[in-house]
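**Q** Got a structure for you, questions after.
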Amino acid sequence: MLGCECFCWHDKHSDYDEFTPLPQPQPFSLPSPIPDWPPGQGFATGKINLGELEVVKITKFESVWSCDSLHGKAKGATFYKPVGIPDGFFCLGYYCQPNDQPLRGYVLVAREREGLTPEVYRNYDSDSDFPALKKPVNYSLIWSSDLDRNGCGFFWLPNAPMGYKAMGILVTGTPEEPDDDEVRCVREDLTETCEIKDTIHVAGADPFQVWNTRPCKRGMCCKGVSVGTFFCSTYFVSENEELEIVCLKNLDPTLHAMPDLNQIHALINHYGATVFFHPDEDCLPSSVQWFFKNGALLYEDGELKGKSIDYQGSNLPSGGTNDGAFWIDLPGDNNGRENVKKGNLESAELYVHVKPAVGGTFTDIVMWIFCPFNGPANLKIGLMNIQMNKLGQHVSDWEHFTLRISNFTGELWQVYFSQHSGGEWVDAFDLEYIEGNKPIVYSSRHGHASFPHPGTYLQGSVKLGIGIRSDAARSKYFVDSSTRYKIIAAEYLGDGVVTEPCWLNYMREWGPTIVYDSRSELDRIINMLPFFVRFSVENIFDLFPTELYGEEGPTGPKEKDNWEGDERC
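When we follow the working numbering, the leftmost residue of the sequence shown carries the number 1, and every step to the right adds one.
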């Protein structure tokens, strides 16, 4: 028997009240109402065509089961059935989320489109003689919290007909198999594989886990569409393992649900974040044009003297790869160098790249900010804070954050905060807002990593309090991206709609490569420490990224993985 030793399941409709009922997560809404967007094609119309299927996002749910830890070892989760499904649409699976956050999720429901002409979607090998949706043959019981007592949770995987795939899991309160009309399976050629993402719940000592899922292939050219359902299993599942459920595939090449140019401007005006820099920041941002106008130089391998750069970057080498043949550096004279290092906040603006995400069901508004100089790192070792002389500094710094917008409604869903070699997605309910629905982004001192909240962040060991310190706080230094921005790329709109600046296609480094003996600087710090902590500190220093031990200018936005791919986290 699979018991409930470490956690308890609660039937919402049961009289069984041995345990205190769990508080239900409350729905979340943005601080201000969503405006009426400018008219366009299919953006924010509530429905999205995926080719043979039309889908609607459901955000209203009925709580079916909740689980919680009896010993405080797990945060617990609640499982939901979607309600308010429009006539003609069918459920694809249930929704689940942790109990410690507001209720804010979705599942997609689908129906087969009627009256389609071949040119609309038949640009692939289609099993068109078979319907897009079919009922499951039956169900397999994945797991139950207690097979001998009515009132616990039962988890069911739909067994799809041959040539079809299940999209999600169902949960019931009784051991009776669900009705076959409860859910639909999708024809295999209309689906893509998905993978587990975040762990939602672990059932104590039991080998039962619950995860949310995402498409395996992600990026602006990828077609996978997340259904919003969860996956659960009684065995170990690796991140890249093929699951028994799948996601949808967007086979509509027009991406009709993406915003047009007028709608993009409206979205930025409504959701554009305010970026706050640290009160002690002495390496502020500037516009790229200000950087060029104030003496930035282009160097070519083998040439000793740099060349002035046209203020639009028109004389920069365009295209190619980062082969080390060219790089940009600060002005040659010392006064000019020190002036440019400080940046120029008055000229600073956000450079915007707009692209499809999650198969065109979301829009990613990627906001790039340029700083002429990245200052040296600040080390934290216990109670000591040590400002380094050179460690971590380099010419030019490109950082970004990303607004992810739902194409069903135009609602801000998440914000991605880029932090050095990685970053994090933060849900809208966990953001700070400064005005209406405009979130706040905190840029760290010298390193310009972005964070959702002020504070001190460590790249290293939080437990030991040892690492590279990133300080983020509000100050009088800020840039409002809702007004100070420039759209530099939106490839899906077609040629000629957005003119890319010349400097965007400069694919080489925006700063010189200088190797210096910063390891000796770290060794001197280690030798100052008590003997019993030296080993731990030295091991953590060995984990620091190699770019901290020398100056290497970054490449521009188009050379970053996330230009075409998904964000790293």
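Using N, Cα and C, we set each Cβ at its ideal position, and we do this for glycine too. Since the model is a prediction, treat every value here as computed from it, not as a measurement.
Assuming L108 and L248 are in contact, meaning their beta carbons sit under 8 Å apart, how far apart are those beta carbons, in whole angstroms?
**A** Here residue 108 refers to the residue found at position 108 when the sequence shown is read from its first residue. Here residue 248 refers to the residue found at position 248 when the sequence shown is read from its first residue. Rounded, the Cβ-Cβ distance is 7 Å, consistent with contact.
**Q** Distance, Cα to Cα, G51 vs D189?
**A** Position 51 of the sequence shown, counted from the first residue, corresponds to residue 51. Position 189 of the sequence shown, counted from the first residue, corresponds to residue 189. Computed Cα separation, rounded: 11 Å.
**Q** Measure the alpha-carbon distance for V476 versus A428 and round it to whole angstroms.
**A** Within the sequence shown, residue 476 is the residue found at index 476, counting from 1. Within the sequence shown, residue 428 is the residue found at index 428, counting from 1. Checking the displayed sequence, the identity of residue 476 turns out to be Lys instead of Val. One C-alpha to the other measures close to 25 Å.
**Q** What residue does the beta strand (DSSP E) around R404 start on, and which one ends it?
**A** Numbered from its first residue, the sequence shown carries residue 404 at position 404. Element bounds for R404: 394-406.
**Q** Flag this pair as touching only if the region 476-493 and the region 508-515 have three or more C-beta atom pairs under 8 Å; answer yes or no.
**A** Segments in contact, no.
**Q** In this structure, how does DSSP classify S286 when only helix, strand and coil are distinguished?
**A** Against the sequence shown, residue 286 aligns to sequence position 286. Three-state DSSP puts S286 in coil, outside helix and strand.
**Q** Does DSSP classify I85 as helix, strand or coil?
**A** Working through the sequence shown from its first residue, we reach residue 85 at position 85. Looking at I85 - three-state DSSP - the assignment turns out to be coil, as it is neither helix nor strand.
**Q** Is DSSP giving P158 helix, strand or coil here?
**A** Working through the sequence shown from its first residue, we reach residue 158 at position 158. In the structure shown, P158 sits in a strand (DSSP, three-state: E or B).
**Q** So which of R214, I196, T363, G306 has the shortest CA-CA distance to P331?
**A** By one-based count along the sequence shown, residue 331 stands at place 331. Measuring from the Cα of P331, the nearest candidate turns out to be G306.
**Q** At what residues does the alpha helix (DSSP H) containing A166 begin and finish?
**A** Sequence index remark: in the sequence shown, residue 166 carries index 166 (1-based). Careful: A166 lies outside any alpha helix (DSSP H) and carries neither H nor E.
**Q** Have a look at E300 and S287 and give me their C-alpha separation to the nearest angstrom.
**A** As a first step, residue 300 must be located in the sequence shown, where it is residue number 300. As a first step, residue 287 must be located in the sequence shown, where it is residue number 287. For E300 and S287, the distance between alpha carbons rounds to 23 Å.
**Q** Between which two residues does the alpha helix (DSSP H) containing R484 stretch?
**A** For the purposes of this step, residue 484 is identified with residue 484 of the sequence shown, where counting begins at 1. Note, R484: premise wrong, no alpha helix (DSSP H); not H, not E.
**Q** Spatial neighbours of G320 within its chain, please: CB distance less than 7 Å, with the 5 preceding and 5 following residues excluded, ordered by chain position.
**A** Position 320 of the sequence shown, counting from 1, holds the residue named residue 320. Taken in chain order, the residues that qualify are M507.
**Q** What's the call for N262, buried or exposed, on a 16-neighbour Cβ count within 10 Å?
**A** Taking the first residue of the sequence shown as position 1, residue 262 is located at position 262. Exposed.
**Q** Check each candidate in K438, E182, P454 and name the one with the smallest Cα separation from R445.
**A** The sequence position of residue 445 within the sequence shown is 445, counting from 1. The shortest Cα separation from R445 among K438, E182, P454 belongs to P454.
**Q** Verify whether the separation of the beta carbon atoms of I405 and F373 is less than 8 Å.
**A** For this step, residue 405 is matched to residue 405 along the sequence shown. For this step, residue 373 is matched to residue 373 along the sequence shown. Cβ distance not < 8 Å, so I405 and F373 don't count as in contact.
**Q** Does DSSP classify Y442 as helix, strand or coil?
**A** Here residue 442 is taken as the residue at index 442 of the sequence shown, counted from 1. Y442: strand per DSSP, three-state reduction.
**Q** For G385 versus R469, is the C-beta spacing smaller than 8 Å?
**A** Reading the sequence shown from its first residue, position 385 is the one you call residue 385. Reading the sequence shown from its first residue, position 469 is the one you call residue 469. The question names Gly, but residue 385 in the sequence shown is Asn. In this structure, R469 lies closer than 8 Å to N385 by Cβ.
**Q** Rank W65, N315, D180 by C-alpha distance to the C-alpha of T174 and give the top, closest one.
**A** Translated into positions along the sequence shown, residue 174 becomes position 174. For T174, the nearest C-alpha among the options comes from W65.
**Q** Between I142 and P554, what straight-line distance do the alpha-carbon atoms span, to the nearest angstrom?
**A** The residue you call residue 142 lines up with position 142 of the sequence shown. The residue you call residue 554 lines up with position 554 of the sequence shown. Going by the C-alpha atoms only, they are around 49 Å apart.
**Q** Do F43 and M258 count as a contact pair if the criterion is CB distance below 8 Å?
**A** To locate residue 258, count along the sequence shown from 1; it is residue 258. To locate residue 43, count along the sequence shown from 1; it is residue 43. Yes, the Cβ-Cβ distance between M258 and F43 is below 8 Å.
**Q** P136 and P158: beta carbons closer than 8 Å?
**A** As a position in the sequence shown, residue 136 is number 136, starting the count at 1. As a position in the sequence shown, residue 158 is number 158, starting the count at 1. In this structure, P158 lies closer than 8 Å to P136 by Cβ.
**Q** On the DSSP bridge list, what partners appear for A296?
**A** In the sequence shown, the residue the question calls residue 296 occupies position 296. Partner(s): none; A296 has no beta bridge.
**Q** Closer than 8 Å is the cut-off here; do at least three beta carbon pairs connect the region 201-221 with the region 181-188?
**A** With the cut-off at 8 Å, the region 201-221 and the region 181-188 do not touch.
**Q** Can the beta-carbon of E177 be found closer than 8 Å to that of W211?
**A** Sequence index remark: in the sequence shown, residue 177 carries index 177 (1-based). Sequence index remark: in the sequence shown, residue 211 carries index 211 (1-based). For E177 and W211, no; Cβs fall outside 8 Å.
**Q** Going by beta carbon distance, what residues of the same chain come within less than 7 Å of P118, once the five residues before and after it are set aside?
**A** Within the sequence shown, residue 118 is the residue found at index 118, counting from 1. At P118, the pLDDT of 48 sits below 50, so the modelled position is not reliable; the number obtained from the coordinates is stated separately. Within the same chain, P118 has no close Cβ partners at all.
**Q** What do you get for Y416, buried or exposed, if any count of 16 or more other CB atoms within 10 angstroms of its CB means buried?
**A** Numbered from 1 along the sequence shown, position 416 holds the residue referred to as residue 416. It counts as buried.
**Q** Using the beta-carbon count (16 or more within 10 Å), is Q26 buried or exposed?
**A** Here the question's residue 26 lines up with position 26 in the sequence shown. When all chains shown are included, Q26 counts as exposed.
**Q** Please check the pair I369 and V275, which I expect to be a contact at CB under 8 Å, by giving their CB distance rounded to whole angstroms.
**A** As a first step, residue 369 must be located in the sequence shown, where it is residue number 369. As a first step, residue 275 must be located in the sequence shown, where it is residue number 275. The pair is a contact, with the Cβ atoms about 7 Å apart (cut-off 8 Å).
**Q** I'd like to know whether the C-beta atoms of G272 and S418 end up nearer to each other than 8 Å.
**A** Position 272 of the sequence shown holds residue 272. Position 418 of the sequence shown holds residue 418. Not in contact: G272 and S418 (Cβ atoms no closer than 8 Å).
**Q** Could you tell me the boundaries of the beta strand (DSSP E) in which I196 lies?
**A** Residue numbering aside, residue 196 sits at position 196 when the sequence shown is read from its first letter. I196 -> beta strand (DSSP E) spans 191-202.
**Q** With a threshold of 16 other CB atoms inside 10 Å of the CB of M167, please say whether the residue is buried or exposed.
**A** Translated into the one-based positions of the sequence shown, residue 167 becomes position 167. It counts as buried.
**Q** What three-state label does DSSP hand L504 in the structure shown?
**A** Counting from 1 along the sequence shown, the entry for residue 504 is found at position 504. If DSSP states are grouped into helix, strand and coil, L504 belongs with the helices.
**Q** Near E559, which residues of its chain fall below 7 Å by C-beta distance, leaving aside the five closest residues on each side in sequence?
**A** The residue you call residue 559 lines up with position 559 of the sequence shown. The residues are N322, M507.
**Q** Helix or strand or just coil, what does DSSP make of V557?
**A** As a working mapping, residue 557 is identified with position 557 in the sequence shown. The question names Val, yet the displayed sequence has Pro at residue 557. Here P557 sits in helix by DSSP.
**Q** Does the region 45-61 come close enough to the region 77-88 to have 3 or more Cβ pairs within less than 8 Å?
**A** These segments touch.
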